[in-house]
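Protein chains in written order, with my numbering: chain A, 197 to 426; chain B, 16 to 250.
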């Protein structure tokens, strides 16, 4: 898909486009296997995700949840099999895929010496879009960080750092795929509800969300949820 | 949530990603000035130890000056190189760089440029002052400054490949020195050679042309090599 087509779609434009694409798979895994440290974690993993679907990866510690997520992002090549994004192989797409992706990993990816606002703006900009200071401030405030926008990230608590990382999702409506590694970790109830709202909105307008979580995600019934147990 | 939906819609080019990362790294260096100054002081002290250790023998000092300054510059550059990608790897921002919408080699180039600005450039600018201790003729001081200005970017570029290869390894610092210092040999030969030629009243254009050629080649190849190395290291 053309780079601009994926990104410049507006809110309503995307919902329209989804009706057309409803049957087209966005993300496909074919016979994917993962080997870490000489041990086969999983194999013959086949999956198809369509617009508006949430994929929850569950499994015990060390089952390969994070490895699977890193594969979906293109950070790690599958040992066997292939991953397709809109019909094209991930490793061939690279930047054209990256601009449609938001990845929030285990680490919050914050620079201790930069403020929450600077961290957020840098992350958004490197992701290929731009957020003005007002939009970024608003995103941080909805993440429950009012008054902390200009505080250096080093002074924030674990949960607050997590919120800064996740505030990126407020500004990521134009990205079609969200990959979140244990997003609910270290979050309190208010923040969990906020995140669920964001995920619901993303799915509602035809985006994809992939996340790992031990608990079932309390989504509205209308939204599709696929669970993979590794 | 506020009900209103903040938007982040404008599509950015690769150039914007580069500029953003470049300013971020400069800003970080500004907020952690102690790291920058530590390397600079290291350079100044190592260079100053030689005249003190050898004693007042102007003839000998003049002959050694270029070599000493260049070796000290290499070692000072190595000090900060280990952290070029290691910091980003530790806090998870490196993964975000790999997943950025801007091409990775360009982002790597931006990081190398920022590294040069806060290490190599400062070393080069302070070198004329240090050259005084070696009683270098004025013309040779100018050549030394120019050779460092041309040569120190090479240290950041070539060193960046080593830093990318060793990111995430335990004891990466030692390995990095072993990998990178041999690659610095041509740089130091032509860099200090230019100053020696100038002291001996020979032409220096040959040395500068070779340094310039090396800089041009590594400007193109080093970011690509470092980007490939990063992808392997992070996997």
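Ideal Cβ positions, reconstructed from N, Cα and C, are used throughout, including at glycine. The structure displayed is predicted, hence computed values, not measured ones.
Residue 249 of chain A is bridged by DSSP to A:420. DSSP places residue 292 of chain A within a helical segment (H, G or I) once states are collapsed to three.
Annotation: Cβ neighbours of residue 299 of chain A in chain B (cutoff 9 Å, chain order): 110, 111, 114. Residue pairing by DSSP puts residue 232 of chain A in a beta bridge opposite A:235. Pairing residue 137 of chain B with residue 225 of chain B gives a Cβ-Cβ distance that is not under 8 Å. The three-state secondary structure of residue 303 of chain A, taken from DSSP, is coil.
Here DSSP, grouped into helix, strand and coil, assigns residue 211 of chain B to helix. Annotated three-state conformation of residue 308 of chain A is coil, per DSSP. Around the beta carbon of residue 52 of chain B, fewer than 16 other beta carbons sit within 10 angstroms, so the residue counts as exposed.
About 17 Å separates the beta carbon of residue 260 of chain A from that of residue 110 of chain B, a gap too long to meet the 8 Å contact definition.
Contact annotation: residue 150 of chain B and residue 42 of chain B have beta-carbon atoms that are not nearer than 8 Å. Distances from the CA of residue 299 of chain A to each of A:424, A:406, A:425 were compared; the closest alpha carbon is that of A:406. Distances from the CA of residue 200 of chain B to each of B:33, B:85, B:66 were compared; the closest alpha carbon is that of B:85. The count of Cβ pairs closer than 8 Å, one atom from the region 268 to 277 of chain A and one from the region 320 to 329 of chain A, stays below three, leaving the stretches out of contact. Burial state of residue 333 of chain A is buried, judged by a 10 Å Cβ sphere holding 16 or more other Cβ atoms. Of all residues in the region 35 to 62 of chain B, the ones placed with a Cβ closer than 8 Å to any Cβ belonging to chain A are 35, 36, 39, 42, 43, 46, 47, in chain order. In this structure, residue 404 of chain A keeps its C-beta atom at 8 Å or more from the C-beta atom of residue 289 of chain A. Listed along chain A are 291, each with a C-beta nearer than 7 Å to that of residue 118 of chain B. DSSP, read as helix, strand or coil, puts residue 381 of chain A in coil. Between residue 57 of chain B and residue 129 of chain B the beta-carbon gap is near 19 Å, outside 8 Å, which marks them as no contact. A Cβ of chain A is located within less than 8 Å of the beta carbon of residue 249 of chain B. Close CB contacts of residue 233 of chain B within its chain, under the 7 Å cut and outside five residues either way in sequence, are with 169, 172, 173 (chain order). Proximity to residue 242 of chain B across B:64, B:98, B:143, B:176 peaks at B:176, based on C-alpha coordinates.
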